[in-house]
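Note sheet for the following structure.
Protein chains: 2
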Amino acid sequence: MTFISAIKTSDVRFPTSIDLDGSDAVNTNPDHSAAYLTLLTDDPEWPVGHAFVFTGGRGNDLMCRAIETVAELLPAKPVEWMLERLGEVSQNLIHDSQLRWLGPEKGVTHMAAGAVINALWDIRARRAGLPLWQLLAEMTPRELVSVIDFSHIRDALTESQALEILEAGQHGKAERIAELKATGYPAYTTGPGWLGYSDDKMQRLAAQAVADGFSMVKLKVGGELIDDRHRLELARKTIGENVALAIDANQRWEADGAAAWINELAEFDIHWVEEPTSPDDVLGHARIRQEIAPIPVATGEAAHNRIMVKQLLQAEAIDYLQIDATRVAGTSENLANLLLAARFGVPVCPHAGGIGLCELVQHFSFFDYAVVSQTRENRMIEFVDHLHEHMATPVRLNQGRYEAPSQPGTGAEIKPDSVTKWTYPVGAGWQRQQGSLRATNEN
Amino acid sequence: MTFISAIKTSDVRFPTSIDLDGSDAVNTNPDHSAAYLTLLTDDPEWPVGHAFVFTGGRGNDLMCRAIETVAELLPAKPVEWMLERLGEVSQNLIHDSQLRWLGPEKGVTHMAAGAVINALWDIRARRAGLPLWQLLAEMTPRELVSVIDFSHIRDALTESQALEILEAGQHGKAERIAELKATGYPAYTTGPGWLGYSDDKMQRLAAQAVADGFSMVKLKVGGELIDDRHRLELARKTIGENVALAIDANQRWEADGAAAWINELAEFDIHWVEEPTSPDDVLGHARIRQEIAPIPVATGEAAHNRIMVKQLLQAEAIDYLQIDATRVAGTSENLANLLLAARFGVPVCPHAGGIGLCELVQHFSFFDYAVVSQTRENRMIEFVDHLHEHMATPVRLNQGRYEAPSQPGTGAEIKPDSVTKWTYPVGAGWQRQQGSLRATNEN
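Line by line, the protein sequences are chains A and B.
This note's numbering puts the first residue of the first sequence at 6, with every later residue one more than the last.
This note's numbering puts the first residue of the second sequence at 6, with every later residue one more than the last.
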């Protein structure tokens, strides 16, 4: 019998706002940050569970506190007991009768629940000696269904419909797993496209992306239409006709008027327009999609739970679902999201970037191919070449494709030295940066 | 020139879970709590600004911390400057480029922004010597429009459409204000209907509600169908045919299946069914409304921002909008909600109860009649006779109607002695309660 012996959070922030890495029309000066959780057990033979919530900097301390608040709800039971009942344990964190008022199932408390749940998944995968995607692929359909919270999505996906999808996915699974290990999963890159980059830097990075074998480049838009046209023209010239080009407005537009702006960019052959409006606006997305057809709509990184994802699909509001690894209530809720997308035949192209999001979210695409959608067609995982040096098991890219993760766990572990150096505000990294950061943040 | 000199939060909790006051199908044992904020200035002649976020107990400390996090974003400007620019100041709190990732515009951080914004409104109303509703009623249409954030709702309500509604509301305003002061605003009561109450207690309180002149009684449902039928039958017998009877499921049902349950209750002449499913499920509410017609649907207390309210209206998902005083980003966002409802011709019947929610939310109904909808027909404010003794300016009810608030401010002030006694966990009230509370909370 093994028990949780310590719940430790760290406020880890990277001063990315200095170089405007990760800048877009709405997130103008993010410090990519992780509200980082380690779950320790009283058995030194057991692995430590790692997880984090990605944030934009300010509020990362609040996120840590929220993780601690949710973690206090873990039952005083052996970890073995919890790992066998991940569904029940997750749902008790999410639906706590008092804490739920602060959501329900959204914002700080929901993301915090995701971190606690993911730390348990990390322990489970490490105990099994498997990367998360493979652990999931080897679970039986019944086990998978048992960890998913179907509440408020049964009008779109019932337990038995989920079972059906997962049982169908058992056929040829071994071959698909072998294929994934041999050929990986396609990636696209947002690295060149941040709004704060100069034309030169954008073009240089876009050319590099093509040379690196990426099949798509994505540009942030939504500042000024004239600038968007200018940058898209340059980007299209740089990457040629055979590489896809997507745009990302980061929620910038009104449902009224978005189409007029987007249609002005149609000539650049847009693969998708991402987050054209508020992530809460299901009906707005549906309207925009109709008005810009055949340009596809992608969204989901800020869809705060499976109920929002369900509605985006029901309303035919999206052509691509972009799940995020730390927005929802962990692995368990993202399984629901993958199954919902499969049921509606919508491809999942996960959101990544930030710190560690690539490392986490890749597992869902690998699992999706192995057992759920059974196809990689028209699917890609976002890639940003950014802060991977801090991750204990960084993603490996090869010819514009993610290699299959092979290390046990969820991929959430941050190198201990990086945690120490970039703990805010006392870490050595921050003390050295302080003068210039203050200046940047006070813009 | 006056400056903010202190931002103080208090974690105030009342042990309501002991008597199951406020219990329903989902919130089974709430400790009604206030994450309480006072904004002090450096001028002793100036009023203190009070505000709070209502919560269910656990997490109230996290909510206090969130309020402090958001309050740190207030500009280092004179309070006079901020009060003249409440729209701009509010929007900078809500759309902060780093903090927004934790929402955006939802959950803990959004409610925290609401508290900070409301504390400024409290100072403004107290400086003007007016209760909030009257301050709002005396503002010009242009001033009102200037405090509202129209982002992501312009497809349903533009600035000029809002102006039009508010300008129309200037005609006869003085008469309506006089009428409100003379005759108040209709109320209904949820006091008898908590799920944890015995049949006897429910019937006794329901009979009392009729005697007190309330025009509607609301019962919590959604535990077991057989119990719901039993309680509704008893309640209908007790209150007679001339008092309305509403039910509240507190998000309990699936969109699939809700109608079957509700239609089993139709014979009791249901005035509305409240929160039949997840507050995020706009499409689910719309479907349920179609399937239970002509029984009306009410929701909104957990609609986390104006964008959700907009969609509930656009999708024709609701017959009544139940705004909450501390769920959204303060007075400013509730003005948007009132105007949206007016534009769609949907009556606003605010959610109240908890601690202090009656005191806060009444102002919006009084203002709505004075300037926006210009009618009290088919409109009521919820009333729960509960914890008012802790409020500095408690609501006054008369013959089942709210009397017009007459004291300056928003109504958010909690008596200093109550704050001290019920500060968690160190207040004297909690020390006395501790043994039995632990037992209750560990159920």
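Heads up, the beta-carbon is just placed ideally off N, CA and C, and yes, glycines get one too.
Here the structure is a predicted model, which means the values were calculated and not measured.
- Within the same chain, and ignoring the five residues on either side of M207 of chain A in sequence, the residues whose Cβ sits closer than 6 Å to its Cβ are P197.
- The three-state reading of DSSP puts R236 of chain A in helix, counting H, G and I together.
- L250 of chain B is not a Cβ neighbour of D217 of chain B, given a cutoff of 8 Å.
- For L345 of chain B, there is no enclosing beta strand (DSSP E); the residue is part of the alpha helix (DSSP H) that begins and ends at 335 to 349.
- Residue ranges of uninterrupted alpha helix (DSSP H) with 4 or more members, entirely inside the segment 84 to 142 of chain B and ordered along the chain, are 84 to 89, 91 to 99, 112 to 133.
- Relative to L185 of chain A, the option among A:V376, A:R234, A:G108, A:E164 whose CA is nearest is A:V376.
- For the segment 299 to 324 of chain A, the continuous alpha helix (DSSP H) assignments of 4+ residues that do not extend past its boundaries occur at 311 to 319, in sequence order.
- Between the C-alpha atoms of G350 of chain A and E387 of chain A there is a straight-line separation of about 20 Å.
- W106 of chain B has a beta carbon lying within less than 8 Å of a beta carbon in chain A.
- In the three-state scheme derived from DSSP, where H, G and I count as helix and E and B as strand, P421 of chain A is classed as helix.
- Taking 7 Å as the Cβ-Cβ cut-off, the segment 155 to 184 of chain B approaches chain A at H157, R159, D160, given in chain order.
- Under the 8 Å Cβ criterion, the segment 130 to 144 of chain B does not count as touching the segment 319 to 333 of chain B, having fewer than three qualifying pairs.
- Contact check for T331 of chain B and L362 of chain B: beta-carbon distance about 7 Å, within the 8 Å limit, so the pair qualifies.
- With respect to chain B, the C-beta atom of R63 of chain A has a partner C-beta closer than 8 Å.
- DSSP places Y193 of chain B within a strand segment (E or B) once states are collapsed to three.
- Per DSSP, the beta-bridge partners of L44 of chain A are A:I12, A:G54.
- Judged by beta-carbon spacing, A118 of chain A lies beyond the 8 Å limit of L135 of chain A, meaning their Cβ atoms are not closer than that value.
- Linking R181 of chain B to H276 of chain B through their CA atoms gives a straight-line distance of about 27 Å.
- Here N403 of chain A is bridged, per DSSP, to A:R406.
- By the neighbour-count criterion, in which a residue is buried when 16 or more other Cβ atoms sit within 10 angstroms of its Cβ, V366 of chain B is buried.
- Distances from the CA of N247 of chain B to each of B:V222, B:V226, B:D154 were compared; the closest alpha carbon is that of B:V222.
- According to DSSP, I386 of chain A shares a beta bridge with A:A192.
- Annotation for L270 of chain A: no alpha helix (DSSP H) segment contains it, and DSSP assigns it neither H nor E.
- With respect to the 8 Å criterion, H356 of chain A and G416 of chain A are not classified as neighbours on the basis of their beta carbons.
- Of B:H309, B:I267, B:A187, B:A76, the smallest CA-CA separation from V94 of chain B is found for B:A76.
- In summary, R381 of chain B is buried, with 16 or more beta-carbon neighbours lying within 10 Å of its beta-carbon over all protein chains present.
- Separation of W435 of chain A and R384 of chain B (C-alpha to C-alpha, rounded to the nearest whole angstrom) is 55 Å.
- Distance from R70 of chain A to S38 of chain A at the Cβ level is roughly 14 Å; contact not present, criterion being Cβ atoms closer than 8 Å.
- Residue contact check for R129 of chain A against chain B: no CB pair falls below 8 Å.
- Here R257 of chain A carries a coil assignment [DSSP, helix/strand/coil].
- Note that the C-beta distance between R257 of chain A and G289 of chain A is not below 8 Å.
- DSSP places F59 of chain B in the strand class (E or B) of the three-state scheme.
- Proximity to N268 of chain B across B:Q103, B:Q295, B:S102, B:I244 peaks at B:Q295, based on C-alpha coordinates.
- If you draw a 10 Å sphere on the C-beta of R437 of chain B, you find fewer than 16 other C-beta atoms in it, and that means exposed.
- Residue pairing from DSSP places L224 of chain A in a beta bridge opposite A:I252.
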